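Below you'll find the structure, written out as structure tokens, and then a few comments.
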Amino acid sequence: MFLPVHFRQRPILYGSFRRQRMVDHQSRQLRFQDRRATIATAQPLRERRASKAGGGKPAARRVRVAAEGIYRVSSGMGMRSAWRRGLCGLALAAIALAPPACSETAQRESGAVLQRWTISGETMGTTFAVTVVSIPGAGEAHARPEASARALVPADRQIDRSAVAAEVRRVLERIEGRMSHYRPESELSRFNRARTTEPQRMSPETLGVVAEALAVSRASGGAFDVTVGPLAEAWGFGPGGRALAAPDRLVLAELRARVGAGLLEPDLVAGTLRKRRPDLVVDLSAIAKGYAVDAISALLDEIGFEDHLVEIGGELRGAGTNEEGTPWRVAIERPVSGAPAAQPILPLTDAALATSGDYCNFYDLDGARVSHTIDPRTGRPVTHGLLSVSVVAERCALADARSTALNVLGPEEGHALAVEQGWAALFVEDDGAGGLVERETPAFTAAVGR
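See the structure below:
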């Protein structure tokens, strides 16, 4: 069992300068963008490990990246949660790196030849991409067959990629079949339909995710709330579409009575989940995608692929290094209109990244801006000037939930909470004069090695 580990603007993924496109999703969500960037790569991680033993000191180096194939991907609104995920937080999901004649195999300076291969598809109402680095051919000792009871890597070490892909999709299907509030037959949908306050049997996996969501809710003073759906729908961010009028006080009071993480009671020992109100509904969209990223990463570790990058709808977790032995590189799109502009590039090794934004999923109602981000504590859309917040954490489920909570709290309250809790967070806010102001917590500074 995997341990438990929203609109979202998605990141730019940087890898080896010899790589081809990591992702080629054939869907209407893909839009080609041409971009060039120059990045300074860190000293190769594997060479640093070797230098500790042998006393060598490889120099850091600069790599010019010619991004010949950047794809701009819509946020996808994981599990079709339009009220939680916005429509315009777009991602530059991957880049094709020059020269075109190069294959997907890269040779490190140490002489080891590694190969990158990708599994991609659709899940949870969005897209996913799993990139694995391994030694090609019969010498694929980088994948440890003894680590997996599923024998996806047989004794001759020839990797059955189709079997690995099938296992990845099986895990994604299992999670969606349990935690989707869109699928009527899912475990969560059955729980939501049951008009009872009696404890209901739930899988340990779903219970673990609910428990983690409640922990983030408590830490954020209720800013993160998986029961906020009725309020979001009342403000026009549900299946019914845009609201023609703001809900009045009586309606909001009635809906707020149906919302609150404290109305959920998970019992991990008994394996049950109870709601204190029979009409309570739960939406795990703001944490389930992150959990799925963690679950796939754990699967790859179990099989023996220690170097990989997992992305689902913009949520990311990087493990180990890319095929050049350097950390996976990600850059977050700046929250500005027009062509996307990247934030400074961040290393991502054995860590996860999630970004929540509020800068373009809104509508005007009677001259007032109605944000898609609903504050569960007030029942109303937020009005602060925070445009986006990015969180780095060990697990993607945590990064996912924390970024949502901080996006609700805003630049002041959110920054104070992140500092207090030791969360690694980068805040981007509107300065009121058409510019951007960035603030990062000490934990974020430490996480990205600044």
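Each step along the sequence shown adds one to the number in the numbering used here, with nothing skipped, and position 53 is 36.
Where a beta carbon is used, it is the ideal one built from N, C-alpha and C, also for glycine.
None of the values given here were measured: they were computed from a predicted structure.
Exercise for review: Return helix, strand or coil for Asp262, following the three-state DSSP convention.
Suggested key: coil
Practice item. Drop a sphere of 10 angstroms on the beta-carbon of Gly417, count the other beta-carbons inside from all chains shown, and report buried for 16 or more, exposed for fewer. Key: exposed
Review point. Considering Asp284, what are the terminal residues of the alpha helix (DSSP H) in which it resides?
Key: Ser268 to Ile286 is the extent of the alpha helix (DSSP H) around Asp284.
Exercise for review: Can you tell me which of Thr304, Leu331 and Gly308 puts its alpha carbon nearest to the alpha carbon of Ala314?
Suggested key: The shortest C-alpha separation from Ala314 is found at Leu331.
Point to revise | Gly415 burial status per 10 Å Cβ neighbour count (16 or more: buried) | key: exposed
Review point. For the candidate residues Leu197, Asp358, Ala275 and Pro167, whose alpha-carbon lies nearest to that of Ala215?
Key: Asp358
Check your understanding: Name the DSSP bridge partner or partners of Val192?
Key -> The partner list for Val192 (beta bridge, DSSP) is empty, contrary to what the question assumes.
Review point. Are the Cβ atoms of Thr110 and Ala269 separated by less than 8 Å?
Key: no
Check your understanding: What three-state label does DSSP hand Val234 in the structure shown?
Key -> helix
Exercise for review: Specify whether the segment 293 to 306 and the segment 391 to 402 touch according to this definition: at least 3 beta carbon pairs, one from each stretch, less than 8 Å apart.
Suggested key: no
Exercise for review: Compute the distance between the beta-carbons of Ala399 and Val375, then report whether it is under 8 Å.
Suggested key: no
**Study point:** As assigned by DSSP and simplified to three states, the class of His367
**Key:** coil
Check your understanding: Does the beta-carbon of Arg145 have 16 or more other beta-carbons within 10 angstroms, so that it is buried, or is it exposed?
Key -> Sequence check: residue 145 is Ser here, not Arg. The residue in question, Ser145, is exposed, as its Cβ has fewer than 16 Cβ neighbours within 10 Å.
Review point. Just the Cα atoms here: how many angstroms apart are Thr179 and Gly273?
Key: CA-CA distance, Thr179 to Gly273, rounds to 29 Å.
**Study point:** N- and C-terminal bounds of the beta strand (DSSP E) containing Thr301
**Key:** Sequence inspection shows Gly at residue 301; the Thr mentioned does not correspond to that position. Taken as a continuous stretch (DSSP letters only), the beta strand (DSSP E) holding Gly301 covers Glu298 to Ala302.
Check your understanding: Does the distance from the CB of Asp266 to the CB of His164 come in under 8 Å?
Key -> yes
Practice item. May I ask you to list the residues that DSSP assigns as paired with Phe207? Key: In the DSSP output, where bridge partners are listed per residue, Phe207 has none listed.
Check your understanding: In chain order, what residues of the same chain lie with their CB nearer than 8 Å to the CB of Ala334, ignoring the 5 residues before and after it?
Key -> Arg300, Gly301, Val375, Ala376, Glu377 and Ala430
Review point. Which one or two residues does DSSP pair with Pro330 in a beta bridge?
Key: Arg312
Review point. Buried or exposed: which applies to Asp143, given that a residue is buried once 16 or more other Cβ atoms fall within 10 Å of its Cβ?
Key: exposed
Point to revise | C-beta atoms of Val209 and Ala196 nearer than 8 Å | key: yes
**Study point:** Where the beta strand (DSSP E) through Glu181 begins and ends
**Key:** For Glu181, there is no enclosing beta strand (DSSP E), as DSSP marks it with neither H nor E.
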